[in-house]
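K.L.:
Structure incoming, see below.
There are 2 protein chains.
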Amino acid sequence: MADGKTTASARRPSGRRADAQRNIDKILDSGLKLYSSRPGVSVAEVAEAAGVGRVTLYGHFPSRTELAKALMERAFEETNAAWEAVDTDGPAEDALERILRQQWYLMERNRNLRDNIIGDVSPQWLRSRHDPILERIEALIIRGQDEGAFRTDLPLSWLITALYSLVHAAADEITAGHLTPEQAPDTLVASLRSLYRP
Amino acid sequence: MADGKTTASARRPSGRRADAQRNIDKILDSGLKLYSSRPGVSVAEVAEAAGVGRVTLYGHFPSRTELAKALMERAFEETNAAWEAVDTDGPAEDALERILRQQWYLMERNRNLRDNIIGDVSPQWLRSRHDPILERIEALIIRGQDEGAFRTDLPLSWLITALYSLVHAAADEITAGHLTPEQAPDTLVASLRSLYRP
DNA sequence: TCGAACTCGTACATCAATGTTCGAGTTAAG
DNA sequence: CTTAACTCGAACATTGATGTACGAGTTCGA
Chain A
2 MADGKTTASA RRPSGRRADA QRNIDKILDS GLKLYSSRPG VSVAEVAEAA
52 GVGRVTLYGH FPSRTELAKA LMERAFEETN AAWEAVDTDG PAEDALERIL
102 RQQWYLMERN RNLRDNIIGD VSPQWLRSRH DPILERIEAL IIRGQDEGAF
152 RTDLPLSWLI TALYSLVHAA ADEITAGHLT PEQAPDTLVA SLRSLYRP
Chain B
2 MADGKTTASA RRPSGRRADA QRNIDKILDS GLKLYSSRPG VSVAEVAEAA
52 GVGRVTLYGH FPSRTELAKA LMERAFEETN AAWEAVDTDG PAEDALERIL
102 RQQWYLMERN RNLRDNIIGD VSPQWLRSRH DPILERIEAL IIRGQDEGAF
152 RTDLPLSWLI TALYSLVHAA ADEITAGHLT PEQAPDTLVA SLRSLYRP
């Protein structure tokens with residue numbers, strides 16, 4: 002027993018037991034679904050949706066705020082991965098269209114998540130994670146302006162905001178039943194083409 | 002004393018005392034300001050902002066829901082009055098521009114009010130009050146389409162939603178400090194012209 | 001199979017919001 | 001001036017959410 006300190010925690014210093022990890026995943030999945038669908042979600046709801054005891058949830062996420070952060074962190078990672086996967090070569094106008102068609106629902110989901118999580122995390126924290134994503138879009142728009150494909154008579158930040166805004170609007174229209182999920186990307190692309198062209 | 006029943010309430014059956022009416026106004030004013038600025042406003046906050054006791058507030062508005070309804074009702078009336086005041090003659094494109102320049106801040110404020118009040122009143126109630134306003138915009142857009150000034154390749158409801166969406170975006174940009182209140186209407190009008198033209 | 005890691009329900013303390021009651025004071029209106 | 005309407009603070013009951021503590025049971029991992 003001289004070297005009996007080879008406990009599990011010593012052997013897997015940064016690891017978790019498989020069932021714990023499974024529960025963490027379930028919690029994050031359910032949390033994302035709930036938080037991105039409506040405001041005012043409670044910790045208890047997330048736990049129930051995940052099929053997990055409330056105490057278990059608190060065991061992994063010490064507070065509501067920590068849970069919220071984990072959800073946002075995960076969403077940002079997903080977005081970054083999506084950007085890596087998309088082809089941004091060629092004319093900026095075409096690249097933007099590809100990005101929209103592939104990611105508009107992701108943009109929308111994360112925007113809702115962000116809206117419904119405000120108040121749980123500090124604005125600074127939120128900004129620090131969100132800015133890198135904005136920069137990617139910004140760079141693409143600037144490229145389009147250099148190519149002469151995008152207008153330059155309106156502020157750059159406005160073009161970005163308008164883009165997000167219309168993505169959000171498209172999602173609302175689907176929810177309201179005025180637009181089908183198939184029509185949405187076409188409508189969005191057509192609208193943004195009109196809006197972005199010089 | 003045969004006719005001694007000439008009490009105040011009998012004499013002013015539908016009227017209120019002047020100080021009561023004054024307080025009601027203060028409550029609605031403060032409530033509008035708070036509700037349209039952020040979510041999660043409590044009744045206590047509204048009372049305090051109005052400089053009125055919480056009990057007094059409950060005396061006039063039996064519940065949080067009733068207060069919310071009164072706020073929305075008032076906002077709708079204001080919007081209707083604004084529509085009556087605006088000149089909708091001439092080409093639809095110009096009329097829309099005039100409306101935007103005169104009412105965009107009102108549209109924005111009421112949209113926030115609506116967003117932050119969801120959950121306090123039923124969706125049906127909200128719809129029933131909001132629809133008449135949408136119809137006015139709808140009629141104007143259809144007129145523009147008949148004149149050949151507005152595009153017809155996108156759903157009508159989408160054009161309306163996009164309009165509201167961009168108004169909201171413009172307000173966000175002002176809040177974020179990316180747009181001045183003077184620039185906002187021009188940016189908005191320019192964007193919607195691009196978006197609406199065939 | 002053994003022990004540590006993990007889960008679970010129950011129970012508890014805390015906090016904030018809603019809505020009500022009471023009684024004493026103030027104010028408008030006739 | 002008289003009275004009814006109104007206001008106010010303080011106190012109370014209720015509800016729902018957050019976070020913690022405990023102890024008994026289950027499951028993973030070596």
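Here the protein sequences line up with chains A and B, keeping their order. Residue numbers 2 to 199, in the working numbering, belong to the letters of the first sequence in order. Residue numbers 2 to 199, in the working numbering, belong to the letters of the second sequence in order. C-beta atoms are modelled at their ideal positions from N, C-alpha and C, and glycine is treated no differently.
1. Is there at least one Cβ from chain A nearer than 8 Å to T204 of chain B's Cβ?
2. Starting from the beta carbon of L35 of chain B, find every residue of chain A whose beta carbon is closer than 8 Å, and list them in chain order.
3. DSSP three-state label for V56 of chain B, please.
4. Thinking C-beta only, is W84 of chain B closer than 8 Å to P186 of chain B?
5. From L101 of chain A to V190 of chain A, what does the alpha carbon distance come to, in whole angstroms?
6. Report all residues from its chain with a CB closer than 8 Å to the CB of L72 of chain A; omit the five preceding and five following residues, and keep chain order.
7. Does any C-beta atom of chain B lie closer than 8 Å to the C-beta of L196 of chain A?
8. Could you tell me which of A:S38, A:G41, A:V42 and A:G54 sits nearest to I25 of chain A, measuring between CA atoms?
9. Would DSSP call V122 of chain B helix, strand or coil?
10. How big is the Cα-Cα spacing for A82 of chain A and V87 of chain B?
11. Excluding the 5 residues flanking R13 of chain A on each side, which residues of the same chain have their C-beta closer than 7 Å to its C-beta?
12. Check V1 of chain B in the structure and name its three-state DSSP category.
13. Quick one: residues in its chain with C-beta nearer than 6 Å to the C-beta of K27 of chain B, no 5 flanking neighbours on either side, listed in chain order?
14. Is it buried or exposed for S166 of chain A, if we count other Cβ within 10 angstroms and need 16 for buried?
15. With H, G and I counted as helix, E and B as strand and the rest as coil, what does DSSP make of V42 of chain A?
16. For H169 of chain B and chain A, any beta-carbon pair shorter than 8 Å?
17. Step through the CB atoms of chain B and report whether any lies within less than 8 Å of the CB of L180 of chain A.
18. From the beta carbon of P14 of chain A, is the nearest beta carbon of chain B less than 8 Å away?
19. Interface residues of chain B around T162 of chain A at Cβ under 7 Å?
20. Against chain B, does A140 of chain A count as a neighbour if the rule is that its beta carbon must be under 8 Å from one of theirs?
21. Within 8 Å (strictly less), CB to CB, does A3 of chain B reach chain A?
22. Residues of the segment 117–143 of chain B in Cβ contact with chain A at a cutoff of 9 Å, in chain order, please.
23. Measuring only the C-alpha atoms, how far is V56 of chain B from R112 of chain A?
24. Quick one: give me the first and last residue of the alpha helix (DSSP H) that H169 of chain A is part of.
25. Taking the alpha helix (DSSP H) that A51 of chain A belongs to, which residues open and close that run?
26. What in chain B is Cβ-close to G41 of chain A, meaning under 8 Å?
27. Check whether the Cβ of I118 of chain B lies closer than 7 Å to any heavy atom of the ligand FAD, and answer yes or no.
28. By how many angstroms is the C-alpha of P199 of chain B removed from the C-alpha of T188 of chain A?
P.N.:
From the atom records:
1. Lying before the first or after the last residue shown, residue 204 of chain B is absent from chain B, which here runs from 2 to 199.
2. On the second sequence, residue 35 of chain B is found 34 positions in, with the first residue counted as 1. Result: empty, since nearest Cβ-Cβ is about 15 Å, beyond 8 Å.
3. The residue you call residue 56 of chain B lines up with position 55 of the second sequence. It is helical.
4. As a first step, residue 186 of chain B must be located in the second sequence, where it is residue number 185. As a first step, residue 84 of chain B must be located in the second sequence, where it is residue number 83. Going by C-beta atoms, P186 of chain B is not nearer than 8 Å to W84 of chain B.
5. Mapped onto the first sequence, residue 101 of chain A falls at position 100. Mapped onto the first sequence, residue 190 of chain A falls at position 189. If you take the alpha carbons of L101 of chain A and V190 of chain A, they lie about 7 Å apart.
6. Taking the first sequence and counting its residues from 1, the one referred to as residue 72 of chain A is at position 71. Here the set comprises L29, G32, L33, Y36, L114 and I118.
7. Mapped onto the first sequence, residue 196 of chain A falls at position 195. Taking Cβ atoms only, chain B reaches closer than 8 Å to L196 of chain A, which makes this a yes.
8. Within the first sequence, numbered from 1, the residue matching residue 25 of chain A stands at position 24. Of the listed residues, the one whose Cα sits closest to I25 of chain A is A:G54.
9. Here residue 122 of chain B is taken as the residue at index 121 of the second sequence, counted from 1. In the three-state DSSP reduction, V122 of chain B falls in the strand class (E or B).
10. Residue mapping note: residue 82 of chain A aligns to position 81 of the first sequence, counting from 1. Residue mapping note: residue 87 of chain B aligns to position 86 of the second sequence, counting from 1. For A82 of chain A and V87 of chain B, the distance between alpha carbons rounds to 49 Å.
11. Taking the first sequence and counting its residues from 1, the one referred to as residue 13 of chain A is at position 12. Confidence at R13 of chain A is low in this model, with a pLDDT of 44, below 50, so its placement is unreliable and the value that follows should be read with caution. Taken in chain order, the list of residues that qualify is empty.
12. Outside the modelled stretch of chain B, which goes from 2 to 199, sits residue 1 of chain B, for which no answer is possible.
13. The residue you call residue 27 of chain B lines up with position 26 of the second sequence. Shown here for K27 of chain B: same chain residues with a beta carbon closer than 6 Å to its own, the five before and five after excluded, namely A51 in chain order.
14. In the first sequence, counting from the first residue as 1, residue 166 of chain A sits at position 165. Buried, by the Cβ-count rule.
15. As a first step, residue 42 of chain A must be located in the first sequence, where it is residue number 41. In the structure shown, V42 of chain A sits in coil (DSSP, three-state: anything other than H, G, I, E or B).
16. Here residue 169 of chain B refers to the residue found at position 168 when the second sequence is read from its first residue. When Cβ-Cβ separations below 8 Å define contact, H169 of chain B makes contact with chain A.
17. Counting from 1 along the first sequence, the entry for residue 180 of chain A is found at position 179. Judged by the 8 Å Cβ criterion, L180 of chain A is in contact with chain B.
18. Looking up residue 14 of chain A in the first sequence gives position 13. Residue confidence for P14 of chain A is low, a pLDDT of 48 falling below 50, so the modelled location carries little weight and cannot support an answer.
19. As a first step, residue 162 of chain A must be located in the first sequence, where it is residue number 161. Going along chain B in sequence order, the residues near T162 of chain A (Cβ under 7 Å) are A170, D173 and E174.
20. Taking the first residue of the first sequence as 1, we reach residue 140 of chain A at position 139. Closer than 8 Å: no.
21. As a position in the second sequence, residue 3 of chain B is number 2, starting the count at 1. Residue placement at A3 of chain B is flagged as unreliable, the pLDDT there being 34, under the threshold of 50; a coordinate-derived value is accordingly withheld.
22. Correct list: I119 and G120.
23. The residue given as residue 56 of chain B occupies position 55 in the second sequence. The residue given as residue 112 of chain A occupies position 111 in the first sequence. C-alpha separation (whole angstroms): 39 Å.
24. The count along the first sequence starts at 1 and reaches residue 169 of chain A at position 168. Segment L157 to T176, the alpha helix (DSSP H) holding H169 of chain A.
25. Taking the first sequence and counting its residues from 1, the one referred to as residue 51 of chain A is at position 50. Taken as a continuous stretch (DSSP letters only), A51 of chain A belongs to no alpha helix (DSSP H), as it is neither H nor E.
26. Your numbering for residue 41 of chain A matches position 40 in the first sequence. What G41 of chain A touches in chain B: G120.
27. This structure does not include the ligand FAD; it has no bound ligands of any sort.
28. Reading the first sequence from its first residue, position 187 is the one you call residue 188 of chain A. Reading the second sequence from its first residue, position 198 is the one you call residue 199 of chain B. Each residue's alpha carbon lies about 14 Å from the other.
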